[in-house]
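Single-structure report; data block below.
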Amino acid sequence: MSQDKCTIQVNGVEVEARPGQMLIEVTDAVDAYVPRFCYHTKLSVAANCRMCLVEVENAPKPMPACATPVAPGMKVHTRSRRAIDAQRATMEFLLINHPLDCPICDQGGECELQDLALGFGRGISRFSERKRVVRDKDIGPLISTDMTRCIHCTRCVRFTQEIAGFQELGTIGRGDRVEISPYIERSVNHELSGNIIDLCPVGALNSKPFRFSARAWELVQRPLVAGHDGLGSRILAHVMNGKVKRVVPEACEDINETWAADRDRFSYEGLYAADRLTQPQLRGSDGWRTVSWGEALDAVAAGLQRANGNALAALVSPSTTLEEGYLLQRLLAHMGSANIDHRLRRRDFREQDQEVEVPWLGMPVAAVEELDQVLVIGSNIRKEVPLLAHRLRKAALRGAGVGFVNPARYPMLFPVADAMVGSVEDFWLQLAVLVRAAAEGSQQPAGLAQLLDIAPAPEERHHRAVARLREGKRAAVFLGHIALRHPRFADIDALAAALARLTGATLGYVPEGANSVGLSLAGVLPHREAGGRPRAQAGANAASIVRAAPAGLILYGVEPDHDCAGGSALQRSAEDGRFVVAFSAFQGKSLQSLADVLLPVSTYFETEGTLVNISGQWQSFAAAAQPPGETRPGWKVLRVLGERLAVPRFDYAAVDAIAAEVRELAGDRLPDTLARQRPAPVAAPVSAGLSSTDLDVPMYQLDALLRRASALQQTEDGLAGLAPVEGRRTA
Amino acid sequence: MQPSDKTALLSSHVRAEIDHWVAKFPEGRQRSAVIGALHAVQHENGGFLTPELMEAVAAYLGLPAIQVFEVASFYSMFETRPVGRHSVSVCTNISCMLCGGEQLLAHVEKHLGITVGQSTPDGRIFLKKEEECLAACTGAPMIMVDHRFYENVTPARAVEILDALE
Ligand code: SF4
Ligand code: FES
Ligand code: FES
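Top line first, the protein sequences correspond to chains A and B. Under our numbering, the residue at position 26 of the first sequence is numbered 27, and the numbers go up by one with no gaps. Under our numbering, the residue at position 123 of the second sequence is numbered 277, and the numbers go up by one with no gaps.
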């Protein structure tokens, strides 16, 4: 038997274990159940609830399984008289101060305390004194508190400290007066804070928007994929009578571990916004009128045919499902147009043909925490993809060097190896300096001379940053949303590729939306067909479409004033002869002024479909909730419309057939992000007055559903998005 | 995370005191200096801590504010709400109780017109809550006034001591 293995006995059965490993891991592995409250596999061991007491032979007293290290030859009993007595005694103490309010507690029916009380509690209480009462804390719009129910396991405290990275909750007071509290009158603000709802084993912390709206056993649980960032987090929608009542994470180690970002957990509230579109609407001479699907689609078919050809264009939300995107681009191609794009907040398309066919992360999500040197360029990563920032944080805590080149010093809650900061317009020059530093002593990378000449001379810190990237065995350079949205993206991209080559790092992209990889594969691009081949004749990109105000425009899940760079320029005047159709879940003021027809289509909660995450994982899911009113899944609407427009081979019976077709075209592998040499562009970039919120869009303003999620809007991040910011161009 | 101007509330004397405590612990263990820091701040602030002061200490030490509040609320020697200038404790633990500590406390309460946990309206005296054994059992009953022990205290002597406080 090797050194790092030993044998112990659990309930009389020989089991293999590692010396030093905690007993509870061993008992869990062999399904010898030990009750617990404070222990959690993702958190440090606190051993403060004492529920996990077990008998260890020759130990003077029962031992907590979560904090007792394995020693060779140990004999453990989890169900002996002594163990059970200890567990029952702990339970009796825990219940002394716990209120008997299960009938009005949201946790009732899914409460760890309730479950264990059934197994280990007494039928009657021997405690006849007064129970203690604890004042509830207001910790913000997302989490409700009933602090009298708290059993002080400190899971929530440890979460804010160890996972979120900034301790926002603590234990105040002591002994039997202890309370869980934020700092005096403060709320809990971290973008992952909602996870403490799941962690809390009792009903002390619950979802505020969900409060008192359903009982756990009335809910049906439906798996789907979160639709706001490219991580592809697995979530479970809890549905009653077709309505989403709440969202919780589904465990998936590869992607979201056991966590959900607040954005994915609370966005569902937007589904029930007052301006939800529930019936097709047609604009007539005397205003909007509700019409049947038939009439609406006739109008759309006629309108699109009138524009036809190159005068037709489509702007598509980067969170649209693969199937919808693919059908839409086929429909447009059939009508003779390649003017379709999902890169709505991008400003620089000068070198789109030189870019990698599919900008993606360049590695699996989970591999990010294994990296040892990272440089993130143009990204407020915590707000862009919260759980990717969590992986980076894990890497940094393991000792990896994580640095940033950014227009601001964003608080990261982990040690930052180097932060190179510049103005919104020019921060990318820091990247040029790094490339200069990296190229010293070797040949200058081809085609970058112009950019490198205007870069200042490298300083010590630049050399250090380059050196650490070079030293890294697993090093990566990532380009985030801010880089992708920058008016000099092409330069940034060329420089980042050069830096990655010179240092041997992997190059990765963090594109926005839930499906930008999928939409790139499905051909929702003006210059590439489905599968990535260049189009014979490139169409207009998102920025040109917005500028050109085409005669026929399809808005797919897009409110241009919020979702497109410069989108508020898109205006309608009466009788301008143009035709605009919006596929949307919401009416929204901007769509009402822009569109001629509004078609109610499902959100990702209400449709089947596929999203491809930034690591290239294809994830298909079924509809979780009932679409309201006449709302239909987008792919079905497009299919019917396509048939009206006589698009050949458009009679897909099921959604899987569409995904399978894209898969056939796209293959299984994503392209090597460094396959092409990218010289810096020659053409000058479009100059645009930029403000930092143009590039760093507030995290709860990213899409139509989020903008209507009321609790999220009341958080600090939500309010930051509503505050009037100078130069901000959203309406 | 904390803008550094939060530390502006701390006097140079308090800063020097905190630095002295930080220096006693290994690099990166400044959390260990919280108790020393809070003593210094409370002393200078007339016997109690405010949310702003605790936050200032946190910012100065580079800790989340809650970690300072945890310590301040845990130890009975820190007051986290405004109290009188002089802190008076009457021990009622077992030795003192057997020697008349409870009567002593009742007498003090009556004389001051407040109960434990309260301060006199003129802000002169704070009668600390339920004090446990202060390790002066040989001189029971005892009272503690601003960290000074008075042993074998009779009710009359207690009044004398209290009335002498400014
Ligand atoms: S609030 Fe919940 S998670 Fe936090 S300590 Fe109390 S019981 Fe544990
Ligand atoms: S689970 Fe072991 S002490 Fe709480
Ligand atoms: S009991 Fe009062 S000092 Fe010990």
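Yeah, the Cβ is synthetic: ideal placement off N, Cα and C, and Gly gets one too.
Considering Cα atoms alone, identify which of 370(A), 480(A) and 517(A) is closest to residue 258(A). Position 257 of the first sequence holds residue 258(A). Nearest option by C-alpha distance: 370(A).
Are there 16 or more other CB atoms within 10 angstroms of the CB of residue 696(A), so buried, or fewer, so exposed? Indexing the first sequence from 1 puts residue 696(A) at position 695. Per the 10 Å Cβ criterion, buried.
At which residues does the alpha helix (DSSP H) containing residue 280(B) begin and terminate? To locate residue 280(B), count along the second sequence from 1; it is residue 126. Premise fails: residue 280(B) lies in the beta strand (DSSP E), 279 to 281, not in any alpha helix (DSSP H).
Using alpha carbons as the reference points, say which of 674(A), 713(A), 112(A) and 421(A) lies closest to residue 209(A). Position 208 of the first sequence, counted from the first residue, corresponds to residue 209(A). The residue with the shortest Cα to Cα distance from residue 209(A) is 713(A).
Since residue 297(A) is in the alpha helix (DSSP H), which residue starts that stretch and which ends it? For this step, residue 297(A) is matched to residue 296 along the first sequence. From DSSP, the alpha helix (DSSP H) with residue 297(A) extends over 294 to 308.
Neighbouring residues (CB closer than 5 Å to any heavy atom of ligand 3): 245(B), 247(B), 249(B), 250(B), 287(B), 288(B), 290(B) and 291(B)
Can you tell me which of 552(A), 395(A) and 703(A) puts its alpha carbon nearest to the alpha carbon of residue 44(A)? Here residue 44(A) refers to the residue found at position 43 of the first sequence. Looking at the Cα atoms, 395(A) is the closest of the given residues.
Sequence-distant residues of its chain with Cβ nearer than 7 Å to residue 304(B) (five each side left out): One-based indexing of the second sequence puts residue 304(B) at position 150. So the list reads 296, 297 and 315, once near-sequence residues are dropped.
At least three beta-carbon pairs within less than 8 Å, the stretch 630 to 638 of chain A to the stretch 381 to 390 of chain A: no
Taking only beta-carbon atoms, is residue 186(B) less than 7 Å away from chain A? The residue you call residue 186(B) lines up with position 32 of the second sequence. Residue 186(B) does not count as touching chain A.
Suppose you measure from the CA of residue 167(A) to the CA of residue 102(A); what does that come to, to the nearest Å? To locate residue 167(A), count along the first sequence from 1; it is residue 166. To locate residue 102(A), count along the first sequence from 1; it is residue 101. Near 32 Å, if we compare the C-alpha coordinates of residue 102(A) and residue 167(A).
Is the closest heavy atom of ligand 1 to the C-beta of residue 112(A) under 6 Å? Translated into the one-based positions of the first sequence, residue 112(A) becomes position 111. Checking every heavy atom of ligand 1 against the Cβ of residue 112(A), none is found closer than 6 Å.
Residue 732(A) classed as buried or exposed, judged by whether at least 16 other C-beta atoms fall within 10 angstroms: What you label residue 732(A) is simply residue 731 of the first sequence in a count that begins at 1. Low confidence applies to residue 732(A): its pLDDT is 31, below 50, so where it sits in the model is not reliable, and the reading given next is rough at best. Exposed is the call here.
Can you round the beta-carbon distance between residue 267(A) and residue 625(A) to whole angstroms, since I take them to be within the 8 Å contact cut? Within the first sequence, the letter at position 266 stands for residue 267(A). Within the first sequence, the letter at position 624 stands for residue 625(A). About 15 Å; that fails the 8 Å criterion.
So, helix, strand or coil for residue 57(A), using DSSP? Indexing the first sequence from 1 puts residue 57(A) at position 56. Of the three classes helix, strand and coil, the one that applies to residue 57(A) here is strand, per DSSP.
C-alpha distance - residue 128(A) paired with residue 119(A), whole-angstrom precision: Taking the first residue of the first sequence as position 1, residue 128(A) is located at position 127. Taking the first residue of the first sequence as position 1, residue 119(A) is located at position 118. Their backbone Cα atoms lie some 18 Å apart in a straight line.
For chain A, check one thing: does any of its Cβ atoms lie closer than 7 Å to the Cβ of residue 279(B)? Here the question's residue 279(B) lines up with position 125 in the second sequence. For residue 279(B), the answer is no, since every Cβ of chain A falls outside 7 Å of its Cβ.
Give the secondary structure of residue 304(B) by DSSP, where H, G and I count as helix, E and B as strand, and everything else as coil. What you label residue 304(B) is simply residue 150 of the second sequence in a count that begins at 1. Three-state result, residue 304(B): strand.
Quick check on this structure: which residue in 498(A), 569(A) and 351(A) has the alpha carbon closest to the alpha carbon of residue 487(A)? Within the first sequence, residue 487(A) is the residue found at index 486, counting from 1. Nearest C-alpha to residue 487(A): 351(A).
Classify residue 92(A): buried if its beta carbon has 16 or more other beta carbons within 10 angstroms, exposed otherwise. Within the first sequence, numbered from 1, the residue matching residue 92(A) stands at position 91. Its Cβ being crowded by 16 or more others within 10 Å, residue 92(A) is buried.
Residue 403(A): buried (16+ other C-beta within 10 angstroms of its C-beta) or exposed? Counting from one through the first sequence, the residue named residue 403(A) turns up at place 402. Under this definition residue 403(A) is a buried residue.
Closer than 7 Å to chain B by CB, residue 546(A): The residue you call residue 546(A) lines up with position 545 of the first sequence. Answer no: the Cβ-Cβ gap between residue 546(A) and chain B never drops below 7 Å.
Can you say whether residue 269(B) is buried or exposed, counting buried as having 16 or more other CB atoms within 10 angstroms of its CB? Numbered from 1 along the second sequence, position 115 holds the residue referred to as residue 269(B). Result: exposed.
Using the Cα positions of residue 5(A) and residue 16(A), report the straight-line distance between them to the nearest angstrom. On the first sequence, position 4 is the one that residue 5(A) refers to. On the first sequence, position 15 is the one that residue 16(A) refers to. For residue 5(A) and residue 16(A), the distance between alpha carbons rounds to 14 Å.
Within 10 angstroms of the Cβ of residue 308(B), are there 16 or more other Cβ atoms? Answer buried if so, exposed if not. Mapped onto the second sequence, residue 308(B) falls at position 154. The residue is exposed, with fewer than 16 neighbouring Cβ atoms inside 10 Å.
Per DSSP, which one or two residues make a beta bridge with residue 372(A)? Counting from one through the first sequence, the residue named residue 372(A) turns up at place 371. In the DSSP output, where bridge partners are listed per residue, residue 372(A) has none listed.
When you compare the CB of residue 415(A) with every CB in chain B, is at least one pair closer than 7 Å? In the first sequence, counting from the first residue as 1, residue 415(A) sits at position 414. Residue 415(A) does not count as touching chain B.
For the putative contact between residue 113(A) and residue 202(A), defined by C-beta atoms under 8 Å, what is the C-beta separation to the nearest angstrom? Reading the first sequence from its first residue, position 112 is the one you call residue 113(A). Reading the first sequence from its first residue, position 201 is the one you call residue 202(A). About 4 Å separates the two Cβ atoms, so the contact holds.
Could you pull the start and end residues of the beta strand (DSSP E) that residue 207(A) belongs to? The sequence position of residue 207(A) within the first sequence is 206, counting from 1. Start and end: 206 to 208.
Whole angstroms is fine: what's the gap from residue 79(A)'s alpha carbon to residue 18(A)'s? To locate residue 79(A), count along the first sequence from 1; it is residue 78. To locate residue 18(A), count along the first sequence from 1; it is residue 17. So the two alpha carbons sit approximately 16 Å from each other.
Suppose only complete runs of 4+ residues qualify. What are the alpha helix (DSSP H) ranges in the stretch 317 to 374 of chain A, listed by chain order? 323 to 335
Going along the stretch 167 to 179 of chain A in order, which residues come within less than 7 Å of chain B, judged by CB to CB distance? 167, 168, 169, 170, 171, 172, 173, 174 and 175
Of all Cβ atoms in chain B, is any one closer than 7 Å to the Cβ of residue 184(A)? Start at 1 with the first residue of the first sequence, and residue 184(A) comes out as number 183. Taking Cβ atoms only, chain B reaches closer than 7 Å to residue 184(A), which makes this a yes.
Cα-Cα separation, residue 572(A) to residue 561(A): Here residue 572(A) refers to the residue found at position 571 of the first sequence. Here residue 561(A) refers to the residue found at position 560 of the first sequence. Roughly 10 Å separates the two Cα atoms.
In three-state DSSP terms, what is residue 464(A)? To locate residue 464(A), count along the first sequence from 1; it is residue 463. It is helical.
Does the beta carbon of residue 227(B) come closer than 7 Å to any beta carbon on chain A? The count along the second sequence starts at 1 and reaches residue 227(B) at position 73. Interface residue, yes.
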